[in-house]
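Okay, so here's the structure we're looking at.
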Amino acid sequence: MSHTFCNYVRGQWAECQSKKTFPNINPADTDEIVGHFQASSAEDVQAACAAAAQAQPAWAALPAPRRGEFLFKAAEILESRLPQLGEDMTREEGKTLPEAKAEVKRAINIFRYFGGEGARQFSYQIPSERENVFCYTLRKPLGVIVLITPWNFPSAIPAWKMAPALVAGNAVVIKPASLAPLSAYRLVEALHEAGVPAGAINYVTGSGGSLGNALVEHPAVRAVSFTGSCEVGNALYDRVARRRIRIQLEMGGKNPTIVLKDADLDCAADVLVNGAFFSTGQKCTACSRAIVEKAIYEPLLEKLTAKTRKLKVGYGLEPGIDMGPAVDASQLDTDLKYIAIAKQEGAQLVCGGNRLTGRVFDKGYFLEPTIFTGVTPEMRIAQEEVFGPVLAVLTANDFDDALRLANCVRFGLSASIVSRDLTRVHQFINRIEAGLITVNLPTAGVEYQLPFGGTKESSFGMREQGPLALDFYTETRTVYLKYTQ
Ligand code: NAP
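Going by our numbering, the first residue of the sequence shown is number 13, and it counts up by one from there.
What follows is the structure, given as structure tokens:
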């Protein structure tokens, strides 16, 4: 019998009003139910928002360094449980255990980083043009913030939203993805044990489709930070715009890696395999397009396919596994649908393309890492986000052609180049339409202490993470103070 996990509202673990639950199923072994979670309704969301509204003034009145101390304490608690939290994540999301542990470590680092922000929260002191007038700005929290998070980074994304929101003095209501709610639960549990006052952090699970309105329309909510699909994010924006409250959207990608003819081809193949297939390609920053100069196409493809065929697919808790399953049946269907579309549109399948069956594979949603060549820019596989281990290879005549191909999509999250030509690299950095740019590194694998976010249809609003994250969670007040005799 698997455990039933509660919502966390007003400092209490509680069942939802309907007492209904939904199962969290292991995508590598669908016989295993990782846990049951509360199938909350709008009333539960309203109770969480009301609790946050009530708690927020006292939380904001605490000196910011003291708020930071709660994050340091929670980080310590998480660190003491890191191996177990990694296993929890592999069970609910499917990524390999080393990937899961690295993500939990990242969440811990994020809590520590923003714990430190409690003692910084820098603002400006600006000279006045008048005598004896002292001018400066203050950062103020916004109030209640709603966080809506996806399943693919079920610990890091909740952490990188909760930590800056809390340290800035806001109260939070978080609704994690229904496919992977346990990892965010573990963060909230650590904050509870660290002594965060009741109501400052609230956790509600349930279907985003049915809770969406209640989450963004409660009058106390002053901002929404969302990470997920463009479809849901754009619909949320329309609803939130009517209320003129703040919103931050991090959404899809179709991230390219350009490989120029002077590239180290072993490095290029490593960059592509890591970017396209690690975490089963289920990263918003995963590389889904390789754009290769014709001169090195043949030797690069040979290295790329050889490395890809060596990847070991399986249950992420087993040692030596490189790639876990798709997160659920629906994502696996999407992957297979795009593989079929690519074939119909005339792309050539050179590697993978099949669901894995037999032995352990029958219990999970396993797919071979897949490579298509002969992809042209108008094909759907070159334009649409698949969110699975499917790499489209396009060829380019030269650097300018490669850049044109890289930029001819509606997304602009991350992009990389593999080259030793410094001039080309700088031209790429200046002209590529992406928020995250890497050189001789995969498109994925960004660090918590730097700003994160995209351009074009991938993102909207202020940057997350690093020193810019507090801008979203605070409002600036400007002070003019005249001192007299
Ligand atoms: P999703 O379906 O958009 O779901 C994201 C979150 O929104 C989940 O918590 C979901 O709840 C909730 N939701 C669903 N419908 C809603 C509605 N009508 N109103 C309010 N909330 C709603 O995305 P996903 O499948 O979890 O994640 C995959 C997508 O996320 C990909 O497109 C990926 O590129 C993107 N992503 C982007 C970034 C980035 O930083 N740019 C990072 C990671 C992932 P339920 O789970 O209950 O449906």
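Every residue gets a Cβ at the ideal spot worked out from N, C-alpha and C, and that includes glycine.
Judged by beta-carbon spacing, residue 202 lies beyond the 9 Å limit of residue 178, meaning their Cβ atoms are not closer than that value. For the 9 Å CB-CB criterion, residue 430 and residue 441 do not form a contact. For residue 118, the CB contacts under 6 Å within the same chain, skipping 5 residues up- and downstream, are 168 and 460 in chain order.
By the neighbour-count definition (other C-beta atoms within 10 Å, threshold 16), residue 278 is an exposed residue.
Each of 78, 368, 355 and 474 was checked against the Cα of residue 337, and the nearest Cα belongs to 368. Beta-bridge analysis with DSSP links residue 492 to 147. Here DSSP, grouped into helix, strand and coil, assigns residue 167 to coil. Counting only the Cα atoms, residue 496 lies some 15 Å from residue 147.
With respect to the 9 Å criterion, residue 373 and residue 403 are not classified as neighbours on the basis of their beta carbons. About 6 Å separates the beta carbon of residue 51 from that of residue 28, a gap short enough to meet the 8 Å contact definition.
At a threshold of 8 Å, residue 19 does not count as near the ligand NAP, since its beta carbon sits no closer than that to any of the ligand's heavy atoms.
The C-beta distance from residue 214 to residue 252 rounds to 19 Å, too long to meet the 8 Å contact threshold. By the criterion of a C-beta distance shorter than 7 Å, residue 165 is surrounded in its chain by 115, once the five residues flanking it on both sides are discounted. For residue 260, the enclosing beta strand (DSSP E) begins and ends at 258-262. The beta carbon of residue 49 lies closer than 7 Å to those of 17, 33, 34, 36, 193 and 217 in the same chain, with the five residues before and after it left out.
Between residue 258 and residue 411 the beta-carbon gap is near 40 Å, outside 8 Å, which marks them as no contact. Minimum Cα-Cα distance from residue 287 among the listed residues 302, 162, 154 and 353 corresponds to 302. The Cβ atoms of residue 293 and residue 401 sit closer than 9 Å to each other.
Partner residues in the beta bridge of residue 25, as assigned by DSSP, are 20. Under DSSP, residue 215 shares a beta bridge with 20 and 186. For residue 343, the number of other beta carbons within 10 angstroms of its own is at least 16, and it is reported as buried.
Residue 196 is positioned such that its CB atom lies no closer than 9 Å to that of residue 61. In this structure, residue 173 has its CB at a distance of at least 8 Å from all heavy atoms of the ligand NAP. Taking 9 Å as the cut-off, the beta carbon of residue 398 is found no closer than this to the beta carbon of residue 316. Nearest to residue 272 by C-alpha distance, out of 436, 86, 145 and 14, is 436. Rounded to the nearest whole angstrom, the C-alpha separation of residue 73 and residue 181 is 8 Å. In this structure residue 270 is in contact with residue 414, their Cβ atoms being roughly 5 Å apart against a cut-off of 8 Å. The bridge partners DSSP lists for residue 91 come to none.
When 455, 378 and 265 are compared, the shortest CA-CA separation from residue 423 is found for 265. Taking the Cβ atoms as the reference, residue 382 lies roughly 5 Å from residue 365, within the contact range of under 8 Å.
Taking the Cβ atoms as the reference, residue 486 lies roughly 6 Å from residue 153, within the contact range of under 8 Å. The Cβ neighbour count for residue 438, taken over all protein chains shown within 10 Å, is under 16; the residue is labelled exposed. Residue 491 is classed as exposed because its beta carbon has fewer than 16 other beta carbons within 10 Å across all chains shown.
In this structure, residue 263 sits near residue 296, with a CB-CB distance shorter than 9 Å. Pairing residue 426 with residue 456 gives a Cβ-Cβ distance under 9 Å. Taken through DSSP and simplified to helix, strand or coil, residue 388 comes out as coil.
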